Amino acid sequence: MSYNYMANGACIVFFYEFYVVNKHKMTHIGLKPFQCGLCELFFTSKEGLKKHIKRHSGVRPYKCHQCDKAYIQRDLLDLH
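Rendered as structure tokens:
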């Protein structure tokens, strides 16, 4: 079974899990219930908040082997 979501005719997306539909819907309505305790930013998901909190730690475990840049997330290193 698949679920679809349409936001004011602007976005038609299909999902296989209903909770993902609700999560996606929050991006369209601007609902950001997760606040960082270290700054004033809000996020639509717990995952987004967790990624953000890593920025405050200063730890950058993903290091480039060709230069001295380092990143908090593997996907950011891959983009580099």
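In UniProt numbering, the protein residues as written are 1 to 80.
All C-beta atoms in this analysis are idealised placements derived from N, C-alpha and C, irrespective of residue type, glycine included.
Because the structure is a prediction, the values reported are computed rather than measured.
- Rounded to whole angstroms, the separation of the alpha carbons of L77 and S45 is 22 Å.
- K51 and G37 have their alpha carbons spaced roughly 13 Å apart.
- Shown here for R74: same chain residues with a beta carbon closer than 8 Å to its own, the five before and five after excluded, namely Y62 in chain order.
- In the three-state scheme derived from DSSP, where H, G and I count as helix and E and B as strand, K32 is classed as coil.
- Secondary structure at K54: helix, using DSSP grouped into helix, strand and coil.
- Secondary structure note for L38: it is in no alpha helix (DSSP H), with a DSSP letter that is neither H nor E.
- If you draw a straight line from the Cα of K23 to the Cα of Q35, it is about 16 Å long.
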